[in-house]
Amino acid sequence: MQWDLAGQGLDRVPEEVRGTDCLQSLNLYRNRLTSVPAWIGDLPHLRVLNLAANRITSLPEAIGDLQHLHTLDLGHNELTGLPESLGRLTSLNRYLYLSNNRLTAVPDTLCRLTGLTYLNITDNELTALPERLGDLAALRELRLYHNKLAALPESFGRLRALREAHLMGNDLTRLPDSLGNLTALRELRLMDNALETLPESLGDLQRLRLLDLRNNRLTALPASLGAMTGLTHLDLRNNRLTELPATLSHLPELEKLDLRWNPLDALPHWTEDLERRGCAVLS
């Protein structure tokens, strides 16, 4: 059974929903809810819960009782914290949306969601991530952009199923060496941070196709980038690069190399070889 109450102007969850044992999907998107009743945990077969685009400031601990929930959307609310019980949602294996709230931290218990494949905590105020983040072993897409993260935990490198990491618009100054363990990674978006250096281990990401490093503070690049043989797009705009490693000429799949707004005296001669192979070199 599904119950669609989206856009109804509701300021509370209707009592009629309570005790609906067969309810599998509840959509309360874009209403005027400021809270969620504790009895929400009494919906034993609920699989999908959409509470996005409301005015919710907190969640009851009872939300952790939804043992069959696989999708939870809490985006575009006014949450400043999350209950520890969120870690009891062991069936949550599809999506967890927490974007556009006021979160400054997430509980360590979130890392118990070992089957979760998509996590979005964009546009919040996170300053740090749980040290056990790497326990989210099934995670394939992670969106953390537009927060205040200064560092990533070393356990980040244990997210071995990760294919997309969206980390732009933070305060990152460095990346953990363990990043090179993410050998399934296809997209790594790091623009609009404060990165000054990159780890040599980045070169181990041989399946990576897109690396976006624009608008950082890089003065040099590791020679190991030349080992990223799957790379098709490398964006280095608006950094502080005065030279480039010749190993970049070894990237056989490179289609676009953007070097604009760097203090390069001249392009190295090997960029002509890239252009002859069909790579667009922008400077």
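Reading the sequence shown from the start, the letters are residues 31 to 313 in our numbering. Every residue gets a Cβ at the ideal spot worked out from N, C-alpha and C, and that includes glycine. Owing to the predicted nature of the structure, the values given are computational and were not obtained by experimental measurement.
Of the listed residues A83, L73, E171 and D103, nearest to A92 (C-alpha basis)
Looking only at A83, L73, E171 and D103, the smallest Cα-Cα distance to A92 is reached by L73.
Counting only runs of 3+ residues fully inside the stretch 96-142, write out the beta strand (DSSP E) ranges in chain order.
101-103 and 125-127
Counting only runs of 3+ residues fully inside the stretch 141-224, write out the beta strand (DSSP E) ranges in chain order.
148-150, 171-173, 194-196 and 217-219
Roughly how many angstroms lie between the CA atoms of S254 and A195, to the nearest whole one?
20 Å
Name, in chain order, the residues that DSSP records as bridge partners for Q32.
For Q32, which the question treats as bridged, DSSP gives the partners S55.
Simplified DSSP state of L278, which is helix, strand or coil:
helix
Residue from L261, P229 and Y127 with nearest C-alpha to L102:
Measuring C-alpha to C-alpha distances from L102 to each of L261, P229 and Y127 identifies Y127 as the nearest.
Using the three-state DSSP reduction, which class does L255 fall into: helix, strand or coil?
helix
Kindly indicate which three-state DSSP category A310 falls into: helix, strand or coil?
strand
Specify, as a first and last residue, the run of the beta strand (DSSP E) that D288 falls within.
Note, D288: beta strand (DSSP E), K286 to D288.
Whole-angstrom distance between L271 and T301, CA atom to CA atom
Computed Cα separation, rounded: 15 Å.
Any beta carbon from chain D within less than 7 Å of D207's own beta carbon?
Of the protein chains in this structure there is only one, and it is not chain D.
Beta-bridge pairing of L264 - partner residues as DSSP gives them:
When beta bridges are read from the DSSP output, L264 appears opposite L241 and L287.
Can you check whether the CB of N61 is closer than 7 Å to the CB of N84?
yes
Cβ separation of R267 and R244, assumed to be a contact under 8 Å, to the nearest whole Å
4 Å
Neighbourhood of L238 by C-beta distance below 7 Å, restricted to the same chain and skipping five residues each side
L215, R216, L218, M258, G260 and L261
Residues near T50 by beta carbon distance below 8 Å, same chain, minus five either side:
M31, W33 and L73
Sort out for me which residues DSSP pairs N80 with in a bridge.
N57 and D103
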